[in-house]
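Read the structure below first, then the notes.
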Amino acid sequence: MYPSNPTVDSAPVSVSTERARRPVWVLIGVTLWRALIVTFALIGFTSVPNGGGFGGTARINNIAYLTQLGSFLTALVYFSLVIYPLFTGGRKHEPDAPWLRGALAVVMTLICITYMTMLGGSLSDTADQFEHLLTPIVVIVDWLLVGRASANARW
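My numbering numbers the first residue of the sequence shown as 247 and each following residue consecutively.
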């Protein structure tokens, strides 16, 4: 019906909608970093006195405390981020929506600051070191320096 335009109709279309894979060293580095975060969170969670330690299990009745809940959720979320590249074929190392990582960074900052200042916390126990200092620090560093989607966060 309409006359064809030979310059438009004959032009090859080379639009690629597939995302490029991330370099292997980026995926390995981010995965190892986030596995370290999972390890820190699990050490803090399972080292609770009177029922914790590596040979025992964490006290379930302590899950009502924000510290225990924060460590558990950190381990859960960051473990899912460790295995996330397996589901994307290595194209992405984290989802586009960073709200959960941002929320964890805020909660872990709150845990660290509250414990150290208002509660006069001591870092003499392994559980206290990992739950109130080390895990919050690595989560904040991950939010600020490692995660690429942090700039997309809408506060």
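Glycine included, each C-beta is placed from N, C-alpha and C at the ideal position.
The beta carbon of residue 367 sits closer than 8 Å to the beta carbons of 361, 374 and 378 from its chain, once the five residues preceding and following it are set aside; these are given in chain order.
No Cβ-Cβ contact shorter than 8 Å links residue 291 with residue 384. With fewer than 16 neighbouring CB atoms inside 10 Å of its own CB, residue 359 falls in the exposed class.
About 7 Å separates the Cβ atoms of residue 386 and residue 354, confirming a contact at the 8 Å cut-off. For residue 276, the three-state secondary structure derived from DSSP is helix. Rounded to the nearest angstrom, the gap between the Cα atoms of residue 311 and residue 278 is 28 Å. The beta carbons of residue 314 and residue 294 sit closer together than 8 Å. 345 is the residue among 381, 345 and 380 whose C-alpha sits nearest the C-alpha of residue 393.
Close CB contacts of residue 316 within its chain, under the 7 Å cut and outside five residues either way in sequence, are with 353, 354 and 357 (chain order). Residue environment for residue 351: buried (at least 16 other C-beta atoms within 10 angstroms of its C-beta). Pairing residue 273 with residue 335 gives a Cβ-Cβ distance that is not under 8 Å.
Just measuring C-alpha positions, the residue of 348, 331, 329 and 288 sitting nearest residue 376 is 288. Under the rule that a run must span 4 or more residues, the alpha helix (DSSP H) segments found entirely inside the region 304-353 read 312-333.
In this structure, the straight-line span from the alpha carbon of residue 326 to that of residue 348 is close to 15 Å. DSSP places residue 290 in the helix class (H, G or I) of the three-state scheme.
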